[in-house]
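Since the structure comes first, as structure tokens, the remarks are kept for the end.
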Amino acid sequence: MEFTTAGRLRSEGRRYVVWGLCVEAAAVVGMLSAHGEARDSALFIMVAAAVFVVAGFRSLRRSRTAFRLRVDADGVTLLEGRLSWSQIDGVALW
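Below, the structure is given as structure tokens:
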């Protein structure tokens, strides 16, 4: 049995990518207009924003894969730990 976490992961991925690109653009403008040590801090912000963009793309890629549930005598176990119990509670098993 497979379920997808597409909605949650897709919204998280979009948020990381969009905000990361916005911060990246602001850091580029700041780096071009700054001199000395201010350039170093703008470069650090650019690297940090790039990490968020990469995390966003990873989240978007994971949104296309299924997650795994194990149903046994102990109940329902989410093997990847990416959903809260309220989201799992919304799933109806036939």
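Going by my numbering, the first residue of the sequence shown is number 1, and it counts up by one from there. Even glycine gets a Cβ: it sits at the ideal position worked out from N, Cα and C. For clarity, every value in this text was computed on a predicted model and none was experimentally measured.
Check	Outcome
Nearest to Ala-48 (by Cα), restricted to the options Ala-25, Ser-63, Leu-9, Glu-12	Ala-25
Residues sharing a beta bridge with Arg-10, DSSP	For Arg-10, which the question treats as bridged, DSSP gives no partner whatsoever.
N- and C-terminal bounds of the alpha helix (DSSP H) containing Ser-41	37-62
Beta-carbon gap between Leu-21 and Met-31 smaller than 8 Å	no
Exposed unless 16 or more other CB atoms sit within 10 angstroms - verdict on Gly-13	buried
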